[in-house]
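**Student:** Numbering (my numbering), first residue to last: 329 to 624. Just so you know, even glycine gets a beta-carbon here, dropped at the ideal spot from N, CA and C.
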Amino acid sequence: MYNAFFGISENPFSLSPDPTFLYRSPQHEEALANLIYGVQSRKGFIVLTGEVGTGKTTMLECMREYLESQYIEYASLFNSRINPQQFFEMIAYDLDLRCDRTSKTEVLFALNNLLIQQANEGRTSVLIVDEAHNLDWDVLEEIRLLGNLENRRGKLLQIVLAGQPELDRKLDAPNLRQLKQRIVLRYNLKPFSEAESIEYIDTRMARAGMENQNVFPPAVLSEIHRRSQGIPRLINGICDNCMLTAFAAEQHQVTMETLEEVSNDMRLEWAGRRSRASRREYDMPLEHTSYTDRGD
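1) Kindly indicate which three-state DSSP category lysine 483 falls into: helix, strand or coil?
2) My output table needs one value for aspartate 621: the three-state DSSP class, helix, strand or coil.
3) For arginine 392 versus serine 408, is the C-beta distance shorter than 8 Å?
4) Which value, in whole angstroms, describes the spacing of the CA atoms of aspartate 428 and glutamate 469?
5) Using the rule of at least 16 other Cβ atoms within 10 Å of the residue's Cβ for burial, across every protein chain shown, is valine 380 buried or exposed?
6) Are the beta-carbon atoms of asparagine 297 and alanine 447 separated by less than 8 Å?
7) Which residues does DSSP pair with isoleucine 511 in a beta bridge?
8) Determine, using beta carbons only, whether lysine 508 and leucine 517 come nearer to each other than 8 Å.
9) DSSP on leucine 423, reduced to helix/strand/coil?
10) Under 8 Å, do valine 548 and leucine 596 count as touching if we go by C-beta distance?
11) With a cut-off of 8 Å on the beta carbons, I'd call leucine 395 and lysine 384 a contact; round off their distance for me.
12) Below 8 Å between beta carbons: does that hold for serine 337 and alanine 536?
13) Kindly indicate which residue of Leu443, Val457 and Gln413 has the alpha-carbon position closest to the one of leucine 489.
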């Protein structure tokens, strides 16, 4: 909507996990390197965690691009609220296994044949599970058992589990200690520092066609970091709404007033700002307070 107004070719702050807009911060480079190394080295289990909005799904999209470029077979499960039967059905559909996909036994035989065939050709196969913190215990146990498939060169199936920090806590449970022991690589994505947040915004604007962006002044950039707490998804939401609001007001630069309006609309909370509940209490009309509150 506002692209032509700001002189850019596409939306720089789309919430879709587009690898072409990947900001290669040191930690994201390291996370992607860990994922690729784990697959190449046939390590078996790899875990990627991070708070909501820190870029896990984007990392997985980049990994899928790599797997496709290397012609590596993979199954990608995006809905983790499934039972064991649905789990095997989804694997069968994703890998296009020629079998009765409603039969766990047939899926396992077909999967084993595929993995052996791939291994004989010097290739591996990958199972990617996003939102893995939502997996039921019995599905996690089925995943652990799939990790037992191996030959002398290593694991036949590389399994990537990505999820929120709750995944780490779930994997620490006593009944999952066998699975935990099989996890060779772990990486935890953290929010951006202020410098990274600013570079992230500048990079996305440059990819959209504005090499030296002047839409967000330095003071506004710093405040966006503070209010987003360095979470990439929140940064995208704030910046997109700020540009839309500035466009509606026919302003080519985002002001602090615009940021304040957007922050209120998005109901943002950040360090140093009183919660909405406490603000309502503080702003309550005098006649609604007790005599004790008035100091009488």
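**Tutor:** Here's the rundown:
1) For this step, residue 483 is matched to residue 155 along the sequence shown. In the structure shown, lysine 483 sits in a strand (DSSP, three-state: E or B).
2) The residue given as residue 621 occupies position 293 in the sequence shown. Unreliable positioning characterises aspartate 621 in this predicted model, as indicated by a pLDDT of 44, which lies under 50. The coordinate reading is nonetheless provided below. In the structure shown, aspartate 621 sits in a helix (DSSP, three-state: H, G or I).
3) Along the sequence shown, one-based indexing puts residue 392 at 64. Along the sequence shown, one-based indexing puts residue 408 at 80. Not a contact, by the Cβ cut-off of 8 Å.
4) One-based indexing of the sequence shown puts residue 428 at position 100. One-based indexing of the sequence shown puts residue 469 at position 141. In this structure, the straight-line span from the alpha carbon of aspartate 428 to that of glutamate 469 is close to 22 Å.
5) One-based indexing of the sequence shown puts residue 380 at position 52. By the C-beta density criterion, valine 380 is exposed, having fewer than 16 other C-beta atoms within 10 angstroms.
6) The structure shown does not extend to residue 297, since the chain spans only 329 to 624, so no value can be given for it.
7) As a working mapping, residue 511 is identified with position 183 in the sequence shown. Residue pairing by DSSP places isoleucine 511 opposite Phe373 in a beta bridge.
8) Here residue 508 refers to the residue found at position 180 when the sequence shown is read from its first residue. Here residue 517 refers to the residue found at position 189 when the sequence shown is read from its first residue. Between lysine 508 and leucine 517, the C-beta gap is not smaller than 8 Å, which leaves the two residues out of contact.
9) Residue 423 sits at position 95 when you count from the first residue of the sequence shown. Reduced to three states, the DSSP call for leucine 423 is coil.
10) The sequence position of residue 548 within the sequence shown is 220, counting from 1. The sequence position of residue 596 within the sequence shown is 268, counting from 1. Contact flag unset, no.
11) Numbered from its first residue, the sequence shown carries residue 395 at position 67. Numbered from its first residue, the sequence shown carries residue 384 at position 56. Rounded, the Cβ-Cβ distance is 16 Å, inconsistent with contact.
12) The residue you call residue 337 lines up with position 9 of the sequence shown. The residue you call residue 536 lines up with position 208 of the sequence shown. Yes, Cβ-Cβ distance for serine 337 and alanine 536 is below 8 Å.
13) As a position in the sequence shown, residue 489 is number 161, starting the count at 1. By alpha-carbon distance to leucine 489, the top candidate from Leu443, Val457 and Gln413 is Val457.
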